[in-house]
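To start, the structure itself, in structure tokens.
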Amino acid sequence: MKEETGVPQEMNEQGVATGGPHGGGSGTAAHGAGHHEHQIELSWWRHYVFSTDHKVIGIQYMITSLLVALFGFGLMVVMRWQLSFPGKPVPVIGPLLTAVFGANLAPGGVMTPNLYNSFGAIHGTMMIFMAIVPALFAGFGNFVVPLQLGAPDMAFPRLNMASFWSFFVGVVIMLGSFLVPGGAAKSGWTSYPPLADIADTGMGFEPILNGQTLWLIGMAFNITGSLLGSINIIATIIQLRAPGLQWMRLPVFVWSELVTAFLLLLAFPPLESAAIMQLMDRLFGTSFFSPDGLIIGGRHWPASGGGSALLWQHLFWFLGHPEVYVQILPTMGIVGEVFANNTRKPLWSYKIFVYSLLSIGFLSMVVWAHHMYMTGMGQSITTFFQIFTTVISMPSVLLGTVLLLSLWGGSIRLPTPMLFALAWLPMFGIGGLTGLPLGWTPSDMVLHDTYYVIGHFHYMMAPASIMGLFAGLYYWFPKATGRMMNDFWGKVHFWMTIIFFNGVFFPMLIQGFNGVHRRWYDGGAGWQMAQPVLWLNQVMSVSAWILALGQIPFIINFFWSIWRGKKVTSDNPWQATTLEWATPTPPGHGNFLHPVAVYRGPYEYSAPGAARDFLPQWEQEESRVAEPKLSSV
Amino acid sequence: MELEIPYTVTARPDTGSYNAKIGIWLFLASEVMLFGGFFSAYIFLRMGATHWPHHLLNVPMGLFNTFVLITSSITMVMAWTALKMRQFQSYRRWLAATLVCGVVFLGIKSMEYKDKFHHYGVILNNGQEITGHLEMTPAEAMKSSTLRILPDAEDAGSFGYQLRSIFGRPAAGEEKVLEIPKSDIQWWSNFTPRYSTYLATYFTMTGLHGLHIIGGLLVLGFFWGPGAKLYRTNPEHLANRVEVAGLFWHFVDLVWIFLFPTLYLL
Ligand code: HEM
Ligand SMILES: [Cu+2]
Chain A
1 MKEETGVPQE MNEQGVATGG PHGGGSGTAA HGAGHHEHQI ELSWWRHYVF
51 STDHKVIGIQ YMITSLLVAL FGFGLMVVMR WQLSFPGKPV PVIGPLLTAV
101 FGANLAPGGV MTPNLYNSFG AIHGTMMIFM AIVPALFAGF GNFVVPLQLG
151 APDMAFPRLN MASFWSFFVG VVIMLGSFLV PGGAAKSGWT SYPPLADIAD
201 TGMGFEPILN GQTLWLIGMA FNITGSLLGS INIIATIIQL RAPGLQWMRL
251 PVFVWSELVT AFLLLLAFPP LESAAIMQLM DRLFGTSFFS PDGLIIGGRH
301 WPASGGGSAL LWQHLFWFLG HPEVYVQILP TMGIVGEVFA NNTRKPLWSY
351 KIFVYSLLSI GFLSMVVWAH HMYMTGMGQS ITTFFQIFTT VISMPSVLLG
401 TVLLLSLWGG SIRLPTPMLF ALAWLPMFGI GGLTGLPLGW TPSDMVLHDT
451 YYVIGHFHYM MAPASIMGLF AGLYYWFPKA TGRMMNDFWG KVHFWMTIIF
501 FNGVFFPMLI QGFNGVHRRW YDGGAGWQMA QPVLWLNQVM SVSAWILALG
551 QIPFIINFFW SIWRGKKVTS DNPWQATTLE WATPTPPGHG NFLHPVAVYR
601 GPYEYSAPGA ARDFLPQWEQ EESRVAEPKL SSV
Chain B
634 MELEIPYTVT ARPDTGSYNA KIGIWLFLAS EVMLFGGFFS AYIFLRMGAT
684 HWPHHLLNVP MGLFNTFVLI TSSITMVMAW TALKMRQFQS YRRWLAATLV
734 CGVVFLGIKS MEYKDKFHHY GVILNNGQEI TGHLEMTPAE AMKSSTLRIL
784 PDAEDAGSFG YQLRSIFGRP AAGEEKVLEI PKSDIQWWSN FTPRYSTYLA
834 TYFTMTGLHG LHIIGGLLVL GFFWGPGAKL YRTNPEHLAN RVEVAGLFWH
884 FVDLVWIFLF PTLYLL
């Protein structure tokens, strides 16, 4: 096995497959080891850049999306300045803003409303579509799922590469849109028309190279990428499960990826059709989304025939709602894995967990219009969506309950990933509970479009999803690199993150109750009425900045550990039971050194009568070796 | 080097499929949602419209194209069966027939598009709409202060008239060339996507469908030409690939079978 992946410096340390320590290991036939015959060296480009290896692609996804997340976070850090000190030049990076965005958008380092709107729109778009989803779904999905299935790679490796590059082009277009005349898109991550239909058109804008049009084109690439990715994940799960890996023996992370992939597969295409229609509106003068007779800037907008802005909202939220679940489902899987591993006992109820995942997936396709209560859709429609919004919170609560009860009576270890996983639970709880009042029209009437909504969904997507993301990163890092991340700095990172996440988002709920509007640049008259809660702006901004500082230990720890971290002494450092830990560390191209088979369910921890407190899925009989040695060095 | 992935050629016993077949069905599911998005947009817009034009499209042409595509679906199946029976020459002939059908479809579709671009509509200041053909070049029409336009015949929407119009403009009936001063005109244009919401849906949906046909032709063309070399080393693998491409092709036909009545007849 010459072509190792994972981290550069490790690659050539890998010897030829020598059978594993886990018995069996004749190192012939099947999967990885079957490829002794052709040990062709891949060129550097094919190996690290245009690779078809699922692990490399997973890492590419992860690194790209972490960088995007950093960038998106940076946008928000600057926006928080404007919110706490409206109209004052941004310190430190003010001159940079003027240099990059020009004196029109950032005169003297002051944010203009247009720049604020661009930052807001791109923050939302990139964080959701190009950071959290690709990191959780595609990053972990690619790296972990085939390993947990006992598969040599994804079902369609070349499609997998195409998926990453399509996503990557989307990211580049979205970033590049900042540099065109007029700056990036300004209509929010939701791109509501008629505003989005007319934004960035006319004097001073290019016909195609303008913010909103590039937003649509960038999204088209992004959608294509996630479509290919989701087909690949589903096909892999259906087709490439190792012998004995029946459906009800799948690790919960695989289940969560399966449901997520189905959501992406079925919910994204309607947004693609909506994007095509908005492109038609912008490029060919159709009016799918702008009604007849609009007066804009005192002039009649020359749109033909009556379009409907509501049509966009329906198509957008048909994706938009499943999309928000796409961001939380994979973390449910991750947290499930980390919980079982660190409580050293099976999940409280694997079955309820899996069925809850499935029903959340199904129900999330029929609640989309709860984002549109205030559009006057009519009583019967809102009733339908209120009912289903309430119904979907039941499997969510079930899921949380399963996780909570899983802690009961466990002998809990507290390494960094477990801290993050533990914190995920209350954050998810707050996110879910704050969602309920939004799901009912009487309360949503007051709360819609206020900071309360921002608080609600960030609790889900920032504290919860990102906590899950970090849990996964700390948990699978040793498999990818062969080294552990530093536990002390991991804990520092954890406390900084959890405390200041709440410092940023909890005040939003309070401000929202006081009616602070979610999109205003400096608040205007609305702020006059919310005087008592304005001081919270400073609290949130300072929290956001400290939160940013709190990520520095993580970044340093991450890179330090790749090259200098403590080497793992075992292929299975967490003493886990699922198949990804049966591979060499880091796994080579083809993953497994000898054919794997599965003999039991995923979380057989602390089985009565067993010598060790864990029974891996791949061991037919309990091994006598307490800690299997590294198989690769 | 390529890693060997299980079940690329043979079916996995417990699922009964090889990988690509699962893949294409998933892809088609997403395509259903993509076109579903457009169809629901169509319904949504039409329900909200005060007025919806009829008989703008040439039904005989659309009908003929429907037959062309159905035929191509049949030849596609024949190509795959031939391959399964390891009759290579027959496979290539049937696949060629499929390709020809696809090209004919696109040819007719582009004629229809061209007809639309030469068809004009005028909306007078009083809101009345007159459709017909310019009796002057578009360049003249832009400059002149009056529009000379021959209105569509009474029975222009009928099947017979449309059939005759394919082979040259039918003899004029009652109608006379109108000279309309531009001062009476609120808006005039040929039938482009922006002319009306109906035409916008028509061009967007058929355009996207046309792109699918082109994509299908490229793939099938590949398996007719360079891709067919696989036959020598692994005929079953080629048969699988052709089956998968065929499933896509049938889907594209199916979309047309929905598009035709929706846009031409209803
Ligand atoms: C118990 C479950 C949940 C319920 C009942 C719920 C309910 C709602 C409702 C009714 C809204 C619309 C509020 C408005 O605009 O007036 C909303 C907004 C939102 N929710 Fe949730 N939600 C739930 C879970 C989640 C989860 C799990 C996520 C993401 C991980 C999420 C992310 C969002 C986002 C992003 C928005 C705002 C979108 C926008 O307007 O920009 N929600 N939620
Ligand atoms: Cu929602």
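Residue numbers (my numbering), protein chains in the order written: chain A, 1 to 633; chain B, 634 to 899.
Idealized CB from N, CA, C, for every residue including glycine.
Are the C-beta of residue i and some C-beta of chain B separated by less than 7 Å?
{"i": "L534(A)", "result": "no"}
{"i": "E272(A)", "result": "yes"}
{"i": "D292(A)", "result": "no"}
{"i": "L227(A)", "result": "yes"}
{"i": "L265(A)", "result": "yes"}
{"i": "D197(A)", "result": "no"}
{"i": "A421(A)", "result": "no"}
{"i": "E4(A)", "result": "For E4(A), the predicted structure reports a pLDDT of 36, less than 50, and the residue's modelled location is therefore unreliable. A value from the coordinates is still provided. So no, E4(A) is outside the interface."}
{"i": "S43(A)", "result": "no"}
{"i": "I233(A)", "result": "no"}
{"i": "D153(A)", "result": "yes"}
{"i": "V238(A)", "result": "The sequence shown places Ile at residue 238(A), not Val. Chain B, which has a Cβ nearer than 7 Å to the Cβ of I238(A), makes this yes."}
{"i": "P269(A)", "result": "yes"}
{"i": "G590(A)", "result": "yes"}
{"i": "S308(A)", "result": "yes"}
{"i": "H36(A)", "result": "Note that H36(A) scores a pLDDT of 40, beneath 50, so its modelled location is shaky; the value from the coordinates is reported in the next line. Not an interface residue."}
{"i": "L358(A)", "result": "no"}
{"i": "G376(A)", "result": "no"}
If I follow the unbroken alpha helix (DSSP H) through residue i, where does it start and stop?
{"i": "T779(B)", "result": "Looking at the DSSP string, T779(B) is not in any alpha helix (DSSP H); the run it does join, the beta strand (DSSP E), is 779–784."}
{"i": "G695(B)", "result": "692–717"}
{"i": "Q819(B)", "result": "No alpha helix (DSSP H) holds Q819(B); the beta strand (DSSP E) holding it covers 818–823."}
{"i": "V326(A)", "result": "309–343"}
{"i": "T764(B)", "result": "That residue, T764(B), is in no alpha helix (DSSP H); its beta strand (DSSP E) goes 762–767."}
{"i": "V888(B)", "result": "868–893"}
{"i": "G670(B)", "result": "652–681"}
{"i": "G793(B)", "result": "792–799"}
{"i": "L534(A)", "result": "L534(A) -> no alpha helix (DSSP H), and no H or E assigned at all."}
{"i": "T213(A)", "result": "211–239"}
{"i": "V169(A)", "result": "157–176"}
Kindly indicate if chain A contains any beta-carbon less than 7 Å away from that of residue i.
{"i": "V852(B)", "result": "no"}
{"i": "M694(B)", "result": "no"}
{"i": "I655(B)", "result": "yes"}
{"i": "P826(B)", "result": "yes"}
{"i": "R645(B)", "result": "yes"}
{"i": "A878(B)", "result": "no"}
{"i": "S663(B)", "result": "yes"}
{"i": "P660(B)", "result": "Correcting the residue identity first, residue 660(B) is Phe in this sequence and not Pro. Cβ-Cβ to chain A under 7 Å: yes for F660(B)."}
{"i": "L899(B)", "result": "no"}
{"i": "M838(B)", "result": "no"}
What first and last residue would you give for the beta strand (DSSP E) that runs through residue i?
{"i": "E812(B)", "result": "811–814"}
{"i": "Y753(B)", "result": "753–757"}
Contact defined as beta carbons within less than 8 Å: I believe residue i pairs with residue j. What is the distance between those atoms, to the nearest angstrom?
{"i": "A597(A)", "j": "P243(A)", "result": "5 Å"}
{"i": "I360(A)", "j": "G472(A)", "result": "That pair is no contact at about 19 Å."}
{"i": "Y61(A)", "j": "A135(A)", "result": "7 Å"}
{"i": "G183(A)", "j": "D522(A)", "result": "18 Å between Cβ atoms; not a contact."}
**Asked** Does the stretch 552–560 of chain A come close enough to the stretch 100–118 of chain A to have 3 or more Cβ pairs within less than 8 Å?
**Response** no
**Prompt:** Per the contact definition of three or more C-beta pairs closer than 8 Å, is the stretch 494–514 of chain A in contact with the stretch 454–467 of chain A?
**Reply:** yes
**Item:** Ordered list of alpha helix (DSSP H) runs contained in the stretch 366–417 of chain A, each at least 4 residues
**Value:** 379–407
**Asked** If you scan the stretch 39–89 of chain A from start to end, which runs of the alpha helix (DSSP H) of 4 or more residues do you find wholly inside it?
**Response** 54–84
**Request:** Identify every run of the alpha helix (DSSP H) within the stretch 426–502 of chain A, keeping only runs that are complete inside it and at least 4 residues long; order them along the chain.
**Result:** Here the runs fully enclosed are 441–447, 451–459, 465–481.
**Prompt:** Should the stretch 775–785 of chain B be called in touch with the stretch 743–751 of chain B, which here means at least 3 C-beta pairs below 8 Å?
**Reply:** no
**Request:** State whether the stretch 65–78 of chain A contacts the stretch 119–138 of chain A, with contact taken as three or more CB pairs (one from each stretch) at a distance under 8 Å.
**Result:** yes
**Item:** the stretch 268–278 of chain A in contact with the stretch 309–326 of chain A per 3-pair CB rule at 8 Å
**Value:** Between the stretch 268–278 of chain A and the stretch 309–326 of chain A, the count of C-beta pairs closer than 8 Å reaches three or more; the two stretches touch.
**Message:** When you compare the stretch 459–473 of chain A with the stretch 489–503 of chain A, are there three or more beta-carbon pairs, one atom per stretch, that lie closer than 8 Å?
**Reply:** yes
**Prompt:** Contact between the stretch 572–589 of chain A and the stretch 92–99 of chain A: three or more CB pairs below 8 Å?
**Reply:** They do not touch, by the three-pair rule.
**Message:** Three or more C-beta pairs under 8 Å: does that hold for the stretch 611–622 of chain A against the stretch 195–207 of chain A?
**Reply:** no
**Message:** I'd like to know if the stretch 252–270 of chain A and the stretch 197–217 of chain A are in contact, where contact means that at least 3 CB-CB pairs between them fall below 8 Å.
**Reply:** no
**Prompt:** Is the stretch 481–497 of chain A close to the stretch 407–424 of chain A, with three or more CB pairs under 8 Å?
**Reply:** yes
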